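Once you know that position 45 of the sequence shown is 45 in the working numbering, the rest is easy, because the numbers rise by one and skip nothing.
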Amino acid sequence: MTRRVIFVSTMLAMLLGFLPANADTAFEDWNNGVLNGWSGNSSNTSVAWESSGGVDDSGYLSSQSEFGIIGAVHNSEPYIGDYGDSGYDGVRCSLKFFSTGITEALFRVRYLSTFYNGWYIRVTEDFTMGVWQTVTIKFDPTWSDEDALAAGWVQEAASATFAETMANVYTCEIRVLGVGSLSMGMDNFMLSNDFLPTSTPSWDMVKSLYR
Ligand SMILES: [Ca+2]
């Protein structure tokens, strides 16, 4: 085997190693009259489908509570499971706040089962009322806890490591906190591998090695 063939083989192996095992996308635009498995994220939180008023006047999910916690949670594939295996490296969502008492907006994942909490990250500090804003959070599901903490993630009590949590996601949630009666909208939620950095070697780069 020539040195070039060995080099190309190594590059191919590296390229395959970069590719997620099961690249996927989880996306919900709430344009079709159903919540598609999204539910309220506390026993006092109600969610409903709204036919208009979402992004570009499309349908969206609304969430209300009298007790300071609103948002929505999903507990089924493709929103849960092994985020690394699914190739997820980011989350994006459009949010609209209807209340003055909102103080925090989080993306949160819980680990494994009802016995555990998980990790969360603040997705915005802008709680301007009545306008849609799109938030994007990039992450690497294999991060060490140190990496995740440095990126702004917060570990809750009774949780596993960041990487263990991302490999065994039990629930996926947009969690908005505040004081008293709160109301918000969610639209265009997406978990995806579309947020990969562009430095990953491309097929063109590999093919160029044959020339
Ligand atoms: Ca929509």
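Ideal placement from N, C-alpha and C gives every residue a C-beta, glycine not left out.
In this text, all values refer to a predicted model and were calculated from it rather than measured experimentally.
Bounding residues of the alpha helix (DSSP H) (the contiguous stretch that carries E164):
Start at 1 with the first residue of the sequence shown, and residue 164 comes out as number 164. Note, E164: alpha helix (DSSP H), 162-167.
Would you say N168 and Y111 are within 7 Å of each other, going by their C-beta atoms?
Position 168 of the sequence shown, counted from the first residue, corresponds to residue 168. Position 111 of the sequence shown, counted from the first residue, corresponds to residue 111. Going by C-beta atoms, N168 is nearer than 7 Å to Y111.
Let me check you understand the geometry: is the CB of D29 closer than 6 Å to at least one non-hydrogen atom of ligand 1?
Walking along the sequence shown from the start, residue 29 turns up at place 29. Within the cutoff, so yes.
Can you give the Cα-Cα distance for A26 and G101, rounded to whole angstroms?
If you number the sequence shown from 1, residue 26 lands on position 26. If you number the sequence shown from 1, residue 101 lands on position 101. Their Cα atoms are separated by approximately 30 Å.
Paired residues, beta bridge with A48 - DSSP:
The sequence position of residue 48 within the sequence shown is 48, counting from 1. According to DSSP, which records beta bridges pairwise, A48 is partnered with S62.
Could you tell me whether any non-hydrogen atom of ligand 1 is closer than 6 Å to the CB of D126?
Residue numbering aside, residue 126 sits at position 126 when the sequence shown is read from its first letter. Not under cutoff, so the answer is no.
What ranges does the beta strand (DSSP E) occupy inside the segment 117-196, keeping only unbroken runs of at least 3 residues that lie completely in it?
118-124, 133-138, 169-178, 182-192
If you measure between the beta carbons of S58 and E50, is that distance less than 7 Å?
By one-based count along the sequence shown, residue 58 stands at place 58. By one-based count along the sequence shown, residue 50 stands at place 50. Result no, Cβ atoms of S58 and E50 do not sit closer than 7 Å.
At a cut of 8 Å, does the segment 107-124 reach the segment 154-172 through at least three beta carbon pairs?
yes
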